[in-house]
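Under our numbering, the first residue of the sequence shown is numbered 4, with each subsequent residue one higher. We put the beta carbon where it would ideally sit given N, CA and C, even for glycine. A quick note: this is a predicted structure, and the numbers were derived from the prediction, not measured. Everything on this sheet refers to the single structure shown next.
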Amino acid sequence: MPNEEFQGKDEKLIDPVAQDPGYDQTESQIAILGHPIHAMSVSFPVALTFCAFGADILYWWTGEAFWARAALWAAGTGFLFGMLAGLSGTAELLLVSGIRARAAAWTHFIIAVTLLALLGTNWGHRLYGYEDAVLPYGILLSALCVVIVGFTGWHGGKLVFDYRLGTSKGS
Ligand code: HEM
4 MPNEEFQGKD
14 EKLIDPVAQD
24 PGYDQTESQI
34 AILGHPIHAM
44 SVSFPVALTF
54 CAFGADILYW
64 WTGEAFWARA
74 ALWAAGTGFL
84 FGMLAGLSGT
94 AELLLVSGIR
104 ARAAAWTHFI
114 IAVTLLALLG
124 TNWGHRLYGY
134 EDAVLPYGIL
144 LSALCVVIVG
154 FTGWHGGKLV
164 FDYRLGTSKG
174 S
């Protein structure tokens, strides 16, 4: 067999990235007593993004100024808590070698930064006239934020539950 030495059955392909000495170091370093700060902080922007959309729908339905003001606050606090969550996530990404080495972590970063830009736009759009801002662009921005936060959270969950990033891998 002329090609045997190149196509041996037991020959294994080697991933050069996985050979990096820090590849298996994936445990969170931005944590309080072992509890990752990023995982604790993401609930706030996720929930507030949904609240902004809910308040916009209620304003559209009732015409009550209260809901437009609630949407302004939910959009603003969603953005600010999102930035805090983003800071802890970015520190984790840059400081932990095994997280930094995985492409999936960078994919999550790109989706999350897109989300933060949209959350900031949604807030800024409402700052000079929160009632007029709701229809149509405010509610459309809120709907888009809900879709993107869904992708961000789903993908973040994949990092933890599929790739075991931020965990000590149970050992
Ligand atoms: C902007 C930069 C961000 C980076 C670099 C980043 C990075 C990460 C990393 C490395 C993880 C794995 C767990 C860990 O190491 O703590 C993670 C998990 C996660 N991320 Fe982010 N993230 C960012 C922003 C966000 C934002 C803005 C959200 C949502 C609003 C979010 C939602 C999540 C969720 C839901 C998880 C799973 C947490 C769990 O189930 O325990 N991330 N992220």
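Check, Outcome
"Do VAL99 and THR29 have their C-beta atoms within less than 8 Å of each other?", "yes"
"Where does GLY169 sit, in a helix, a strand or coil, going by DSSP?", "strand"
"Here's the rule I'm using: 16 or more other beta-carbon atoms within 10 Å means buried, otherwise exposed. How should HIS111 be labelled?", "buried"
"Between the Cα of SER31 and those of ALA68, ARG103, TYR140, spot the shortest distance and give me the residue it belongs to.", "ARG103"
"Figure out for me which residue from PHE56, ALA108, ALA21 has the closest Cα to the Cα of PRO139.", "PHE56"
"If you count every other CB in all the chains shown that lies within 10 Å of the CB of HIS38, and 16 or more means buried, which is it?", "exposed"
"Helix, strand or coil, according to DSSP, for ALA55 in the structure here?", "helix"
"Is GLY153 closer than 8 Å to GLY101 when the C-beta atoms are compared?", "no"
"Would you kindly work out how many angstroms separate the C-alpha atoms of HIS41 and ARG167, rounded to a whole number?", "14 Å"
"Thinking just about the alpha-carbon of each residue, which of ASP165, LEU119, ASP18, LYS161 is nearest to the one in LEU144?", "LEU119"
"Could you pull out every unbroken alpha helix (DSSP H) segment of at least 4 residues lying fully inside the region 10-75, listed in chain order?", "40-44, 46-65"
"For ALA34, tell me which candidate among SER91, LEU51, TYR62, GLY81 has the shortest Cα-Cα distance.", "SER91"
"From which residue to which residue does the alpha helix (DSSP H) around VAL152 run?", "142-164"
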